[in-house]
Amino acid sequence: MIGSSQWDSMLMYMRMMLEGYRGRFAFRSRITHSLRVTKWAQRIWNQDGQGADREVLLAASILHDIGYPAKNGEDHGELGAVYAEQYLRNEGYGEAFTSKVCDLIRNHSRKEFLKRPEEVGDRLTPELRILMEADLMDECGPVAVVFDCMAEAGEKEQSFEKTYRRICKNAPVFLECNWMRSPSARTYWEERQRLLRDYLEAYEGELFLQEKMPEEFEKAADYMIRTMKGHEHTPNRKGIVYPFRRRDTHMLRVFYQARKLFKEEKNRQKDKKKEFGPYGKRVLSYAALLHDIGYRRTTDGLLHAAVGAKMAYEYMREEGLPEDLCRDTAALIEAHADKRLLKEGNPPLLLQLLMEADHQDESGAMSLAWDGMAAAMPETGEDDSFLNLLDYDRAYQRMKRYTAKMFSVCEYRTASGRELWQQKERLVRRFLRTFAFDLEEWSPQDLGEKEGS
Ligand SMILES: [Fe+2]
Ligand SMILES: [Fe+2]
Ligand SMILES: [Fe+2]
Ligand SMILES: [Fe+2]
Numbered sequence: 248m249i250g251s252s253q254w255d256s257m258l259m260y261m262r263m264m265l266e267g268y269r270g271r272f273a274f275r276s277r278i279t280h281s282l283r284v285t286k287w288a289q290r291i292w293n294q295d296g297q298g299a300d301r302e303v304l305l306a307a308s309i310l311h312d313i314g315y316p317a318k319n320g321e322d323h324g325e326l327g328a329v330y331a332e333q334y335l336r337n338e339g340y341g342e343a344f345t346s347k348v349c350d351l352i353r354n355h356s357r358k359e360f361l362k363r364p365e366e367v368g369d370r371l372t373p374e375l376r377i378l379m380e381a382d383l384m385d386e387c388g389p390v391a392v393v394f395d396c397m398a399e400a401g402e403k404e405q406s407f408e409k410t411y412r413r414i415c416k417n418a419p420v421f422l423e424c425n426w427m428r429s430p431s432a433r434t435y436w437e438e439r440q441r442l443l444r445d446y447l448e449a450y451e452g453e454l455f456l457q458e459k460m461p462e463e464f465e466k467a468a469d470y471m472i473r474t475m476k477g478h479e480h481t482p483n484r485k486g487i488v489y490p491f492r493r494r495d496t497h498m499l500r501v502f503y504q505a506r507k508l509f510k511e512e513k514n515r516q517k518d519k520k521k522e523f524g525p526y527g528k529r530v531l532s533y534a535a536l537l538h539d540i541g542y543r544r545t546t547d548g549l550l551h552a553a554v555g556a557k558m559a560y561e562y563m564r565e566e567g568l569p570e571d572l573c574r575d576t577a578a579l580i581e582a583h584a585d586k587r588l589l590k591e592g593n594p595p596l597l598l599q600l601l602m603e604a605d606h607q608d609e610s611g612a613m614s615l616a617w618d619g620m621a622a623a624m625p626e627t628g629e630d631d632s633f634l635n636l637l638d639y640d641r642a643y644q645r646m647k648r649y650t651a652k653m654f655s656v657c658e659y660r661t662a663s664g665r666e667l668w669q670q671k672e673r674l675v676r677r678f679l680r681t682f683a684f685d686l687e688e689w690s691p692q693d694l695g696e697k698e699g700s
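All residue numbers for the sequence shown refer to our numbering, where the first residue is 248 and numbers rise by one.
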């Protein structure tokens, strides 16, 4: 039986072999990947390990990618098997054990074995099956999402939409098939497929990509986009500008969201006829569409509302819109930045809806994407050396620190706003729970004996 100090030195050897290797994506550490694959292999073996030699499987899991720094098109499995053989021999592991582990390493990339097991017969041994399943399991689910977010952070042009499209483009690899053979692995995979699907659905909903601008507001939308052209997002309190955040798309989303909340709330509160009339909807629509244009002239978090109100009023008057519509829209814009109203006050319904629509933008699926992208960028005071330590865990820590915290309070008063917030909270919590499970750390002692499943 392999003792924990032997596991320890095998892990150290793996770390040494992969130290400094990063490949195309800095965040894709092969060391932590190998650790996660080993964890997955343990989990699957615990439930479906009949006929599989646990120690052979775990040794192969730890060492399966040590040939990754291979160059010139050399197969990393072949090279890894050569390195592993040297190591295991030197360490005094028996002939049979060494050759089984090396066979697994040599063949671990041949995922067609999993896809068409009937063609390969007994070449797909129980150990090889679990190793391949574990290898594929990593980078499915939350890791797949975060992978694309972090990759996008290295792009010159960035936006929430672009990140969404990248995740969509890569998702079919996970969504359209389940190559897992072990029942437990199938279940893990299905859970991650469901999560990925729900995440993408939520993300798409938050972007309002399917919405079409109603004719009445087309001109105002054009005016807003023109006004914001070339406008850099204001730096946050730490002086960081996230290149994927844009005010114009933010205002468009708040516009669609405010109208959606309006409609839902109208169906709930049949008694508030006056506020929910067509006039109320127009005021809210114009205000939502133009609410942040003041940022074109000032970076002040409060002042932009007054400046924007004036700009919107002037624009709408010039367009010949009725005086009371211009005035009420401007009043709504002017009041929208006072977040104390959201917390303590009891603002008029239209203002409440505008503030709720504004506040909930870039939360939920988008906020997770934000953290994923931001995690791959240096924080204040960090130089590029942070890239050497970059890992999915940095994204997870950020998500806990920012996105999850966001949901510790719900300041919304309208039933529709609260419902939307709670729906987002459920997705975020589920995402983070699964992500934490997938990144779970372990120590060499865990390998010493069978884990409870
Ligand atoms: Fe590999
Ligand atoms: Fe791998
Ligand atoms: Fe604002
Ligand atoms: Fe806003």
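All residues carry an ideal CB built from backbone N, CA and C; glycine is no exception. In this text, all values refer to a predicted model and were calculated from it rather than measured experimentally.
Gln504 and Ala604 have their C-alpha atoms roughly 6 angstroms apart.
With the rule of 3 Cβ pairs closer than 8 angstroms, the region 253 to 267 counts as touching the region 302 to 317. Between Ala642 and Val488, the CB-CB gap reaches or exceeds 8 angstroms. Excluding its 5 nearest sequence neighbours in each direction, Lys485 has C-beta neighbours in its own chain below 6 angstroms: Thr627, listed in chain order. Non-local C-beta neighbours of Glu658 in its own chain, meaning closer than 7 angstroms and more than five positions away in sequence, comprise Leu589 and Lys590, ordered along the chain. Gly368 sits exposed, since fewer than 16 C-beta atoms from the chains shown fall within 10 Å of its C-beta. Spanning the alpha carbons of Ala552 and Ala582 requires a straight line of approximately 7 angstroms. Ligand 3 has no heavy atom closer than 7 angstroms to the beta-carbon of Ala604. For Phe684, the secondary structure class from DSSP, reduced to helix, strand or coil, is helix. Boundaries of the alpha helix (DSSP H) around Glu365: Pro364 to Val367.
Leu572 and Lys520 have their alpha carbons spaced roughly 18 angstroms apart. Judged by DSSP in its simplified three-state form, Gly452 adopts helix. Residue range Arg494 to Arg515 is occupied by the alpha helix (DSSP H) that includes Asp495. For His323, the three-state secondary structure derived from DSSP is helix. Between the beta-carbon of Gly388 and that of Thr681 there is about 6 angstroms, and that keeps the pair under the 8 angstroms contact cut. In this structure, the C-beta of His538 approaches ligand 3 to less than 7 angstroms from one of its heavy atoms. The three-state secondary structure of Thr345, taken from DSSP, is helix. Here the alpha carbon of Glu342 sits roughly 16 angstroms from the alpha carbon of Ile352. Around the C-beta of Gly567, fewer than 16 other C-beta atoms lie within 10 Å, and the residue is accordingly described as exposed.
Relative to Tyr446, the option among Phe684, Pro625, Ala616 and Leu637 whose CA is nearest is Ala616.
With a 10 Å radius around the Cβ and a threshold of 16 neighbouring Cβ atoms, Trp689 comes out exposed. Rounded to the nearest whole angstrom, the CA to CA distance from Phe633 to Gly548 is 31 angstroms.
Contact between the region 530 to 537 and the region 462 to 478 is present: three or more C-beta pairs spanning the two stretches fall below 8 angstroms. Distances from the alpha-carbon of Ile472 to those of Arg543, Pro569 and Tyr260 put Arg543 closest. Rounded to the nearest angstrom, the gap between the Cα atoms of Ile414 and Leu442 is 13 angstroms. A direct Cα-Cα distance of roughly 13 angstroms separates Gln607 from Gly452.
DSSP places Phe464 inside the alpha helix (DSSP H), whose first and last residues are Glu462 to Met475. One alpha carbon belongs to Arg648, the other to Arg677, and they sit about 16 angstroms apart. In the DSSP assignment, Ser251 falls within the alpha helix (DSSP H) that extends over Ser251 to Leu265. Annotated as proximal: Tyr411 and Tyr450, with beta-carbon spacing under 8 angstroms.
Here the alpha carbons of Tyr562 and Gln644 stand approximately 44 angstroms from one another.
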